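What follows is a set of notes on a single structure, which appears directly below.
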RNA sequence: GGGCGGGUAGCUCAGUCGGGAGAGCACUGGCCUUACAAGCCAGGGGUCACAGGUUCGAUCCCUGUUCCGCCUACCA
């Protein structure tokens, strides 16, 4: 790429697309399978095929991209598998809405045509998120893209289903499940969201049957759902409840239905709740279902699949649940059966897809037995074969896994993996098989009905880490990349997805699907509220990427990713990091301007002549590399970003670049000297770009491509070797010297600022009176830095210097600073300024003396700590006396 | 009901071994200093939620209280 002068302001739009295309062209996203190298792999949490990029995706994929880019630079065989999820209910909803717009529904189309329509939709609109992830810079191996409904993954699903069925882990049966009347399908327990709602507790009188006839006596039951009474088949009381236990075995008359139902005794009933009498509706309540099984009560389903009342509801047939509740309540009151209605707040289950109130209903479904699958998965986490990060999620994981319940895996929708079961109409045998069954395996009859239900989408997701790699076939991918190294996900799908992958991975591969799981937080708005369309506080990552640049957004998200914390995203932060991108840009601009006459040469290290600044920055860079490495290794993303931010801006730009201006602008500098500093400059800049690259891929590539470098270099920063920490470059002496210089420069600048001296004004002379000979030596040796960084014409550096008359003074840990400003200074103001310093020093001194005067402290604290305090005391005492003496002499 | 996380500067948050409280943003003052005003220099600002305890010493460890958030659960 030709050299060019950089613009003053970084323009992300101008380069992002260009570099992404360049990377694709170069094939650098493709997984290498080089047998000499270690492997690193991640499978993406597959976004819904209907999805578009939201801020959570942006975070999730930025973190994955950071790890993958980092490992790729470290030389691993790196694979990041991308793919999408067929999202059964969500996708079906989308296509159904499209049909509705044309006045059609899926029943009119028929199953086959409908499925064809979904595939068409997927072809046209199913790759939105793919394009958006590319905009985000994601370095997935796009050639290995998978879809949960594609041929290979479908085969994996069937294989798993068939084996689990054969082993008796999958069974079919009539049980109570969570039914969504809007989606017209069963849901798993996890797909129900409970929310507190204001409701009512209806107290209803159930007349007792005495001597075969309705009596005036009654039991009162309390319920939040009076409409379900139409399906009541018993009333239960606690057998120890002396108010009622005499009635056990008797009957009550069910109001409105004129049905006699038994009174049973069951310890499930809490005598303290409500009236102590519980109406039992086995077909519409999960607990009642259990009670019903214990007493062989009939199950009366009173609703249709859309939650309108069915013929069992008698006169209420055809009403919706809500209408029926009103009517029942009204009729009870009319009949004198309603004791009272109380306000009552309780949790109501809603469909996680469409928010419709769930109707617990008995129906014929398929289930996966979980207990046996859970145990090895619990052990795997306990034994750290799968490491959850942060580890406090383990508690949540164990709690759920230990109380796991069977998983309802069948869905009454059309879009999804059809359950591979065929019912023989001749002998009743259920045929479950990998391939389509055309003749009954038991009676050879050809009279078969295929199962119409499909599987829960999460069933196929559970196989994702190995199904995407070609399992059940033996593939090179499986050999190289399974188990995967890391999974990056959000905690809200820990049970939905992570736990199930561990269980099925262990079951079918005998190995965990991933070694580590990094669980990140939710992105909230600046006030910490969950983002939602209804609140209107959604931050659209794509808009922000356009406004501030993709790198700025990525850096922001990374900086805010501290473990165990939610992320509160304030747009101000994005702006701030956009500014950081610009800072990087301008530092590069400065560097390139000063590297125009530079070309890399082979030169022995000992022939070079480095400045103190050069030696120091190389040393500081080593510390940065070490910090970045350890932060990444421990997934402290915020520390990783923070270390880079601090080093680049506040060490490299603020100090190093300012210091080397001296040499770069010095016409007296020899070629070797100039070359040495230029070499340091380009080295540090390049290594910073490499360290930054995983977070900010675009700007780092844009600048990197323009750096002068040796021949035979690689094509992209993406495949440049990751910087290596070099112990030999650590130079504590240089670091200490720079610290001293920074300290003195700071003190002089502070004085200037407090006196309101214009930065443009060059102070003719400054005196430094320093007690320590080493400090004097350092400052004398590097006086040039002081002169340029403090805008001072001349220094007098010595010890015990007398304060020139009419001088401003300051005292710091090294000694005294005098600015001779005869005639300019305001004595009153100066006394005030010094007095303030005196007060501060006194306060600190009191604290230290408090400690040292405490005999227990001197006796029990470690010697090092005590010595430290003693040293501090003497320093403060000396500072105080100097300050006081300066006030004393102020008028001289 | 059970569990988890949190309460540190005006805001959002760091704080790894218990030993002089930090960052970013915001704010104040001064500067268009030949990379950058999306910038430079300097500065102000905190009873580390509250109460006890352990310790020579607690933001940090222990106990309790309180507030906020989340997860989970078969009290109708």
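Residue numbers (our numbering): 2 to 893.
Yeah, the Cβ is synthetic: ideal placement off N, Cα and C, and Gly gets one too.
Bear in mind that the values here come from a model prediction, so they are computed numbers and not experimental data.
| query | result |
| --- | --- |
| Neighbourhood of residue 5 by C-beta distance below 7 Å, restricted to the same chain and skipping five residues each side | Because the pLDDT of residue 5 is 48, which lies under 50, any placement of that residue in the model is unreliable, and the number read from its coordinates should be weighed accordingly. Closer than 7 Å at Cβ, skipping near neighbours: no residue. |
| The segment 329-338 / the segment 250-268 touching (three or more Cβ pairs under 8 Å) | yes |
| Endpoints, the alpha helix (DSSP H) within which residue 583 is located | 572-594 |
| For residue 844, the first and last residue of its enclosing alpha helix (DSSP H) | 828-853 |
| Simplified DSSP state of residue 147, which is helix, strand or coil | strand |
| Beta-carbon gap between residue 741 and residue 776 smaller than 8 Å | yes |
| The segment 34-44 in contact with the segment 123-130 per 3-pair CB rule at 8 Å | no |
| CB of residue 191 within 8 Å of CB of residue 497, strictly | yes |
| For residue 362, the first and last residue of its enclosing beta strand (DSSP E) | 360-369 |
| N- and C-terminal bounds of the alpha helix (DSSP H) containing residue 770 | No alpha helix (DSSP H) contains residue 770, which is instead part of the beta strand (DSSP E) from 764-771. |
| Residue 27 - DSSP class collapsed to helix/strand/coil | helix |
| Nearest neighbour of residue 30, chosen from 786, 392 and 143 [CA to CA] | 143 |
| Proximity below 8 Å, CB of residue 601 to CB of residue 709 | yes |
| Nearest neighbour of residue 397, chosen from 382, 141, 178 and 437 [CA to CA] | 382 |
| Assigned secondary structure, residue 13 (DSSP; H/G/I helix, E/B strand, else coil) | helix |
| Straight-line Cα distance separating residue 614 from residue 663 | 11 Å |
| Close Cβ partners of residue 806 (< 6 Å) along its chain, the five nearest in sequence each way excluded | 893 |
| Classification of residue 347 by the beta-carbon crowding that lies within 10 angstroms, buried from 16 upward | exposed |
| For residue 184, the residue or residues it bridges with in DSSP | Paired residues: none, contrary to the question. |
| Whole-angstrom distance between residue 678 and residue 823, CA atom to CA atom | 40 Å |
| Whole-angstrom distance between residue 61 and residue 633, CA atom to CA atom | 15 Å |
| Nearest residue (CA-CA) to residue 466, options 69, 32, 74 and 81 | 81 |
| Check whether residue 799 and residue 765 have beta carbons under 8 Å apart | no |
| Close beta carbons around residue 276, own chain, < 6 Å, minus the five adjacent residues each side | 221 and 223 |
| Beta-carbon proximity list for residue 263, same chain, < 7 Å, skipping 5 on both sides | 235 and 252 |
| Residue 195, buried or exposed, once every other Cβ within 10 Å from all chains shown has been counted against 16 | exposed |
| Uninterrupted alpha helix (DSSP H) stretches inside the segment 455-537 (no shorter than 4 residues) | 458-462, 465-468, 477-482 and 501-510 |
| CB contact flag (residue 303, residue 231, <8 Å) | yes |
| Three-state class that DSSP yields for residue 671 in the structure shown | coil |
| Cβ-Cβ distance between residue 177 and residue 361 below 8 Å | yes |
| Own chain, CB closer than 7 Å to residue 438, minus 5 neighbours either side, in chain order | 423, 432 and 449 |
| Within 8 Å, strictly: CB atoms of residue 389 and residue 508 | no |
| Stretch-stretch touch, CB-based, cutoff 8 Å, three pairs: the segment 645-656 with the segment 672-690 | yes |
| Proximity below 8 Å, CB of residue 568 to CB of residue 525 | yes |
| Paired residues, beta bridge with residue 263 - DSSP | 252 |
| Stretch pair the segment 755-763 + the segment 778-795: three plus CB contacts closer than 8 Å | yes |
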